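Okay, so here's the structure we're looking at.
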Amino acid sequence: MIITQTPLRVSFFGGGTDFPAFYLSEGGAVLTSAIDKYIYVIIKKRFDDKIRIGYTRTEIVDSVDEIEHDLIREALRVTGITQGVEIVTMGDIPSEGSGLGSSSTVTVGALNAMHAYQGESASAEQLAREACEIEIDRLGKPIGKQDQCIAAYGGLRFIEFAKDGGISVEKVEISEKCRRELNSNFLLFYSNVARKADSILEEQQNHISERLDILKAIKNLAYIAYNELKASNVDCLGDLLDDSWVLKKQLAEPVSNGMIDKIYIEARKAGAIGGKLTGAGGGGFLLLYAPYCKQDAVRTALSGLQELPFQLEPDGSKVMFNCR
């Protein structure tokens, strides 16, 4: 039996510039971090040749081709496992529509578990590359590449996407004081709306050429935030997040709506400096930067929403248990 633990993430700045359709012509950059909320993947040998997949439903099939869970099916194909296994996924948050990168987290965690099941040790670079191959090349999902990278590498990262297709993943070195401030000043609330990101991301992807100036401004904010963070200027992130959210809402019409706008306005009135939805938009989790002295007021203003306490997570996907 193999058990992997793979972190979810919060994307701070640069989301959208990790789309190949943008960065292959303009270059992209994101500032993002793994968090201490996880998806677990368990794989073990079966007594027969069938394949059993357990998630929000259960599949028992005779061949990989019959599996309906597309991420698990393609991960099995990539790793060459064809029969006689049971695979179960479990998560700390809703499995879909969270905006915390759960799909890529599942893919990276499944690949890590399957490689370990076969006695192989996969690097973070390999896991990220194979996850991108599955989600973008094989399944044609309209997504970028930051989620696969941060799930595999973990930590607080500045990721650059080069025009030649290369990806640079840099660990952002900050002081312990700065890390404590980041952990203390960010709040995460569930908007009570689960949404399918694909339609929003598809609209965004289809209009990249029309919104190049917006995406360039979003990329520039990622560089500004990165440099401010390295200088331990944590408080400026709140204003930068607000700037980023204003830009993000211009990428696709469904990114926000009246309800989300109302929640955000109430949070800022209560003392939050800035924030954003953590994923494609339309719902999921709302990330807010609020000084500690204002946080109780923010919680009161958003009392109808469930808060998800979190800390930054230093590690990427890892094998927690290995008994082959």
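Start counting at 1 in the sequence shown, then tack on 148, and there's your number in the working numbering. Glycine included, C-beta positions come from ideal geometry on N, C-alpha and C. Since the structure is predicted, the reported quantities are computational estimates derived from the model, not experimental observations.
| Check | Outcome |
| --- | --- |
| Contained alpha helix (DSSP H) runs [length at least 4] in the region 368-444, N- to C-terminal order | 384-396 and 406-417 |
| Distance between A299 and G232 (C-alpha atoms, nearest Å) | 27 Å |
| Proximity winner among G422, L399 and A445, relative to A428 (alpha-carbon distances) | L399 |
| Local Cβ density within 10 Å of I413, reported as buried at 16 or more and exposed below that | exposed |
| DSSP state of N470 mapped onto helix, strand, coil | strand |
| DSSP three-state assignment for E278, whether helix, strand or coil | helix |
| L388 vs F161 beta-carbon contact at 8 Å | yes |
| Residue environment, K424, which counts as buried when at least 16 other CB atoms sit within 10 Å | buried |
| Per-residue DSSP class, three states only, for M262 | helix |
| Alpha-carbon to alpha-carbon, L385 and E455 | 20 Å |
| Cβ neighbour criterion (16 or more within 10 Å) applied to G452 | exposed |
| Nearest-angstrom Cβ-Cβ length linking Q274 and T227, presumed shorter than 8 Å | Not quite, the Cβ-Cβ distance comes to about 11 Å (not below 8 Å), so this is no contact. |
| 6 Å CB neighbourhood of G419 in its chain, flanking five on each side removed | A438, K442, A445 and V446 |
| Under 8 Å between C-beta atoms of R200 and E234 | yes |
| Bridge partner(s) assigned by DSSP for Y338 | F433 and Q454 |
| Given 8 Å, three or more beta-carbon pairs between the region 180-190 and the region 297-313 | yes |
| Under the three-state DSSP convention, the category A270 falls into | coil |
| Inter-residue spacing [alpha-carbon to alpha-carbon] between F334 and D210 | 47 Å |
| Residue closest to K397, alpha-carbon to alpha-carbon, out of E461, T426, L219 and A373 | T426 |
| Spatial neighbours of S323 in its chain, beta-carbon cut-off 8 Å, leaving aside the 5 residues before and after | S380 |
| Where the alpha helix (DSSP H) through Q296 begins and ends | Q294 to Y301 |
| Residues of its chain near D391, where Cβ-Cβ distance is below 7 Å and the 5 sequence neighbours each way are ignored | L369 |
| Whole-number beta carbon distance between A261 and V189, since they are thought to touch under 8 Å | 4 Å |
| Option nearest I362 by Cα separation, candidates T165, R157, Q153 and V158 | T165 |
| Anticipated Cβ contact below 8 Å, F433 with S339, distance rounded | 7 Å |
| Ordered list of beta strand (DSSP E) runs contained in the region 195-261, each at least 3 residues | 199-202, 206-209 and 233-239 |
| I187 versus M468 - alpha carbon distance | 12 Å |
| Best match in T204, E278, A264 and G239 for proximity to R225 [C-alpha to C-alpha] | E278 |
| Beta-carbon gap between E207 and K364 smaller than 8 Å | no |
| Distance CB(V341)-CB(G430) smaller than 8 Å | yes |
| Other residues of its chain near E216: CB distance less than 7 Å, five sequence neighbours each side excluded | E207 |
| Host alpha helix (DSSP H) of P168 (start-end) | P168 to E174 |
| E324 CB to nearest heavy atom of the ligand GDP below 7 Å | No copy of the ligand GDP occurs in the structure displayed, which carries no ligand at all. |
| Rounded straight-line distance, which links the Cα of F195 to that of R157 | 36 Å |
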